[in-house]
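Residue numbers (my numbering), protein chains in the order written: chain B, 46 to 279; chain Z, 2 to 234.
Yeah, the Cβ is synthetic: ideal placement off N, Cα and C, and Gly gets one too.
Keep in mind it's a predicted model, so treat the numbers as computed, not measured.
In what follows, a single structure is set out as structure tokens and then discussed.
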């Protein structure tokens, strides 16, 4: 395992898919790191001083210097440890631009409405957010086709940047199916993505890092219950 | 100048700060390109075929291949034309991460309330968006301090990635200040950022590329009136 390059610490919360992304990247690159589980209801001084702008996880601290925002963290791991393990971003600038395009798509068009599904208060708003999320998955099928060129991953023969960013979400994709009955990645509608998800889960990094889906389901139920209780007492 | 074999075409719309972002990068790199002005109410086949996913500007065509999303385009220009003109992203991976963080902040935290402000159908929504925008810009003072390390620009001694990411919005910062009746970059709360904006505005680059502020003010007024009118139907 690498680690001679210095001291790596990851501040996270076990259920967060954004933290999972960072863990996947670290694992793929074969990097050792210290993991610190945060209680987001009682944030540590370290978290607050390392990420004063967002006060969020993940934060990767490398030789004492913090990197924040999961997509920035994953790119940093790829850049700073370019010699270690496979590259996550392609070498060719045009292919890099295509990978970044689909990564941005995952953030802006999939993650953003999906987050609203868990936060909004009315059934209509939730249904609308779910529709937007599902529409994004449909478009992502085309993205996988474009990026993979017929191979197994967005990164081609091996896992790349988009695979990591989307892969971090897989436990939550599966949990959403159990919580709402809605298959976000439906083999009938998006067969390439369904096959990709199975393949992704077979990777060593995925087996080592992805959260147990039952645990995520329980966590989501607890969060929803707390939100409902808070709303009821207003 | 880039090699004679490179054909660059930028599909844009004059008012868009995201298009301006790309123009700034092309100008800094000294790259020649063909500019195509889109009528976003009647999008061309070129735009729709080059950006089928979002159907938005800017799109940069390099030897016929489209690149979409302004920050991605700027990074592409910086990488492909690495030998031409100054580098926009720093060489050091950590400094690159810091630059990417602040560029993401601009688009993730400023753009949504700013967009809501102009699309608002009611005064209430507009006021809430305005308030949020004014709050979110304050963090940029710290961002400037972190990136500039006491120098003139986010990029240090010279213009860098974050200067381009924010600089493209300068005409809209000024226009929004006129429309709000209050300075979006409050000189008392954000002295460094205010000084940066003045400095940026004085550059030949800015004079060549940034939209006329009065035109932006008029465009903003038109957008707000259009969206308010739609609401009353």
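**OP:** Identify the contact partners of residue 113 of chain B in chain Z, using a Cβ-Cβ distance below 9 Å as the criterion.
**Re:** 98 and 102
Original post:
Would the segment 201-213 of chain B and the segment 139-151 of chain B be scored as touching if the rule is three or more Cβ pairs under 8 Å?
Top reply: yes
Subject >> Straight-line gap, residue 154 of chain B to residue 179 of chain B (C-alpha atoms, nearest Å) >> reply: 10 Å
Original post:
Along chain B, in chain order, which residues have C-beta atoms closer than 9 Å to that of residue 76 of chain Z?
Top reply: Within chain B, the residues near residue 76 of chain Z are 138, 141, 142 and 145.
Subject >> Cβ-based neighbour list, residue 186 of chain Z, same chain, cut-off 7 Å, excluding 5 preceding and 5 following >> reply: 138, 174, 194, 195 and 198
Original post:
What are the start and end residues of the beta strand (DSSP E) that includes residue 24 of chain Z?
Top reply: Element bounds for residue 24 of chain Z: not the beta strand (DSSP E) but the alpha helix (DSSP H), 18-29.
Original post:
In chain order, what residues of the same chain lie with their CB nearer than 8 Å to the CB of residue 2 of chain Z, ignoring the 5 residues before and after it?
Top reply: Reliability of the predicted coordinates at residue 2 of chain Z is poor, the pLDDT of 41 falling under 50, and the value obtained from them is presented with this limitation in mind. Taken in chain order, the residues that qualify are 31, 32, 33 and 85.
Original post:
Nearest to residue 44 of chain Z by alpha carbon, out of Z:76, Z:171 and Z:58?
Top reply: When only C-alpha atoms are compared, the closest one is Z:58.
Subject >> residue 274 of chain B versus residue 268 of chain B: straight-line alpha-carbon distance, rounded >> reply: 10 Å
**OP:** May I ask you to report which of helix, strand or coil DSSP gives residue 74 of chain Z?
**Re:** DSSP places residue 74 of chain Z within a helical segment (H, G or I) once states are collapsed to three.
**OP:** Pull up the DSSP beta-bridge partners for residue 12 of chain Z, would you.
**Re:** Paired residues: Z:37 and Z:60.
Subject >> residue 226 of chain B classed as buried or exposed, judged by whether at least 16 other C-beta atoms fall within 10 angstroms >> reply: exposed
Subject >> Expected contact under 8 Å - CB spacing of residue 75 of chain B and residue 129 of chain B to nearest Å >> reply: 6 Å
**OP:** Flag residue 121 of chain B as yes if its beta-carbon sits less than 7 Å from any beta-carbon of chain Z, otherwise no.
**Re:** yes
Subject >> Contacting residues, own chain, Cβ-Cβ under 8 Å from residue 266 of chain B (five flanking each side not counted) >> reply: 224
**OP:** Just the chain Z side, please: which residues come within less than 9 Å of residue 52 of chain B by C-beta, in chain order?
**Re:** Within 9 Å Cβ-Cβ: nothing; residue 52 of chain B doesn't reach chain Z, min ~14 Å.
Subject >> residue 111 of chain B versus residue 98 of chain Z: straight-line alpha-carbon distance, rounded >> reply: 10 Å
**OP:** Leaving aside the five residues before and after residue 117 of chain Z along the sequence, list all residues of the same chain whose C-beta is less than 6 Å from its C-beta, in chain order.
**Re:** 130
Subject >> Local conformation of residue 157 of chain Z per DSSP, three classes >> reply: Strand, per DSSP.
Original post:
Would residue 223 of chain Z be called buried (16 or more neighbouring beta carbons within 10 Å of its own) or exposed?
Top reply: exposed
Original post:
Going along the segment 60-71 of chain Z in order, which residues come within less than 7 Å of chain B, judged by CB to CB distance?
Top reply: 66, 68, 69 and 70
**OP:** Taking residue 134 of chain Z and residue 115 of chain Z to be in contact with their CB atoms under 8 Å, please state how far apart those CB atoms are, rounded to whole angstroms.
**Re:** 5 Å
Original post:
If we cut at 7 Å on Cβ distances, does residue 124 of chain B have a partner in chain Z?
Top reply: yes
Original post:
Which of helix, strand or coil does DSSP assign to residue 69 of chain Z?
Top reply: The DSSP-derived three-state label of residue 69 of chain Z is strand.
Subject >> Euclidean distance between Cα positions of residue 63 of chain B and residue 142 of chain Z >> reply: 27 Å
Original post:
Which first and last residues belong to the alpha helix (DSSP H) in which residue 147 of chain Z is found?
Top reply: 140-149
**OP:** Work out the CA separation of residue 156 of chain B and residue 260 of chain B for me, nearest whole Å.
**Re:** 20 Å
**OP:** With DSSP as the reference, label residue 80 of chain Z as helix, strand or coil.
**Re:** helix
Subject >> Beta-carbon proximity check, residue 201 of chain Z vs residue 168 of chain Z, cutoff 7 Å >> reply: Taking 7 Å as the Cβ cut-off, residue 201 of chain Z and residue 168 of chain Z qualify as a contacting pair.
**OP:** Apply the 10 Å Cβ neighbour rule to residue 123 of chain Z and answer buried if 16 or more other Cβ atoms are within range, or exposed otherwise.
**Re:** Flag for residue 123 of chain Z reads exposed.
Original post:
What is the DSSP secondary structure of residue 220 of chain Z, counted as helix, strand or coil?
Top reply: Secondary structure at residue 220 of chain Z: helix, using DSSP grouped into helix, strand and coil.
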